[in-house]
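In our numbering, the protein residues as written are 200 to 301.
The structure under discussion appears below in the form of structure tokens.
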Amino acid sequence: ADSGVLSRGDFQSGLGQLGVVLADEEYDLLYRRIDPKGAGVPYGQFADFIELEDGRHPAPDALSDRDKARLQLRVFRCVQNAAEHGAGTAPAASPTVMAEAF
């Protein structure tokens, strides 16, 4: 993520380090929903997504089981939304798409 954007691999790795478990097809669907043009997901928007309710951006090893469960649920809902509405129907990685996706 040296360019300030996350590739699909970086995106999957980052979510995986935070305890998110998805099948490869679900990661693909999620990533295409957020980044339909293939330009990458801006790191700042990814960081906003993983922000906890109290505004913290914790290190992966500092996430509580409750925080991990909430993040997993948020990601699962985004995957469901992408499956229902099409992965590539949203503009590329806009804050609105990230908020709706996550």
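Backbone N, C-alpha and C define an ideal beta-carbon position, used for all residues, glycine too.
Start and end residues, alpha helix (DSSP H) containing residue 273:
DSSP places residue 273 in the uninterrupted alpha helix (DSSP H) bounded by 264-284.
Out of 231, 222, 216, point me to the one whose CA is closest to residue 206's CA.
Of 231, 222, 216, the smallest CA-CA separation from residue 206 is found for 231.
Excluding the 5 residues flanking residue 262 on each side, which residues of the same chain have their C-beta closer than 7 Å to its C-beta?
Hits under 7 Å: 217, 218.
Excluding sequence positions up to five away, which residues of its chain have a Cβ less than 8 Å from the Cβ of residue 242?
The residues are 200, 203, 204, 205.
Cα-Cα, which of 285, 283, 209, 278 is closest to residue 174?
The question about residue 174 has no answer, for the chain in this structure spans 200 to 301.
On the premise that residue 245 lies in contact with residue 213, defined as a C-beta separation below 8 Å, what is that separation, rounded to the nearest angstrom?
Between residue 213 and residue 245 the beta-carbon gap is near 7 Å, inside 8 Å, which marks them as a contact.
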